[in-house]
Each structure stands twice: as C-alpha cells, then as structure tokens.
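Numbering (my numbering), first residue to last: 659 to 843. In this text, a Cβ means the ideal position worked out from N, Cα and C, and glycines have one as well. Note that this is a predicted model, so its numbers are computed, not measured.
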C-alpha cells in the first residue's frame, strides 16, 4: 500500500485464530528501491515500550537527519503512540517524535538485558567494523561519519564492542581482539 515501507501492526489471537484482522499502529516512510539495510528488530523494554530498529536503506544521508525514520531506533507505546519521555517527543524542528537513538547503519537485531533492562543494538557495519552498542536515549552512534571505534568524536556514542571484518596485525591486537566476521546478527 503506497509503496515499500516498514509497518508495525497488531493482531489479536484467540487460540490459533486471528480475531478482528490487522490493526496498523505505525507506517514508516516509503522508500524507493533499497530493500537492504532495513533493520527491523523489535523488542518490548522493561518499561513496556516497543523499541524498533530501522536501517538506513542504503541512504547514508538519513541516519543523521532527525526528520528521517531511517538509521534509527524508534520507541513507541503499545498502541503506537509516542512516549512523553522520548528525546524528541515534541517533534519540533521537523524531528520525528518516535526517534529514541540515531546514527545507525543497519540495527539488524536488538536485545533487552533481562536483569537490567538495558538495550543492546547490533549494528551491521559497512567495510571494516561490526558493532554492539549500548542503547541510550538521544544517543548518536555516528554513522556514516563513524564506524566501529573509528572517528568517534564529540557528540558520538562509541560502540560497547566492535570487531573487524579482517584479522588484526599482530593477531588479537586492537579493538575486537581475535574476533572477526561480517554482518553481526
């Protein structure tokens, strides 16, 4: 409907049957051809709000643009509303009120620590690094200016852990130690 986009819907089950059909809670912006880097992980936090990862759709200008849904972690109430304590809840200046954190390439998976309620964001890197970020309201994780521990400057929240796509020289040195790999999932 209306082009390619992510949608959050609620379905009510009674036994194995869907009752009442689909209730659309959120429709994100339509995107063109970029069917990659869509993110899509969703988790309910200890505060009963829904955290949703949306990737940059191969549009590197969007993660730093607070008027774009792409390259962000969004936070919603269970009915699709906006929590009053979201960092940009007022939505002023063209900022989307659902944005909780930004500057991500492809937050492919999320996890909530059962004991602490902390949000962990796995962000798929581009050519060098894969990241695990500790979620924080209003945090800017730096993409595309920063990837992994590279170019983490003022106003950028660096990763909790990052590993390279290739082995370090000498082996095991630097961030990530002996870990190497692609597309953190």
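Rounding to the nearest angstrom, what Cα-Cα distance links residue 716 and residue 751 in this structure? 25 Å
Would you mind working out which of 725, 793, 748 sits nearest residue 774, comparing C-alpha positions? 793
Exposed unless 16 or more other CB atoms sit within 10 angstroms - verdict on residue 710: Result: buried.
Quick one: give me the first and last residue of the beta strand (DSSP E) that residue 768 is part of. 765-770
From residue 743 to residue 828, what distance separates their C-alpha atoms? So the alpha carbons of these two residues sit roughly 46 Å apart.
Mind checking residue 763: buried by the 16 CB within 10 Å criterion, or exposed? buried
Report all residues from its chain with a CB closer than 7 Å to the CB of residue 732; omit the five preceding and five following residues, and keep chain order. 710, 712, 756, 757, 758
For the candidate residues 730, 661, 787, 741, whose alpha-carbon lies nearest to that of residue 833? 787
Starting from residue 819, trace the beta strand (DSSP E) both ways and give me its first and last residue. 819-822
With distances taken between CB atoms, is the gap from residue 704 to residue 770 smaller than 8 Å? yes
What does the Cβ neighbour count give for residue 672, buried or exposed, with the cut at 16 atoms within 10 Å? exposed
Please go through the same chain and pick out, in chain order, the residues whose beta-carbon is closer than 8 Å to the beta-carbon of residue 734, but skip the five residues on each side of it. 666, 683, 684, 707, 708, 710, 740, 741, 756
My assumption, with CB atoms under 8 Å, is that residue 821 sits in contact with residue 796. Please give the rounded CB distance. Contact flag wrong, Cβ pair sits at about 26 Å.
Can you give the Cα-Cα distance for residue 620 and residue 768, rounded to whole angstroms? Outside the displayed span of the chain (659 to 843) sits residue 620, for which this structure offers no information.
Give me the Cα-Cα distance between residue 798 and residue 785, rounded to the nearest whole angstrom. 20 Å
Rounded C-alpha distance that separates residue 810 from residue 837: 21 Å
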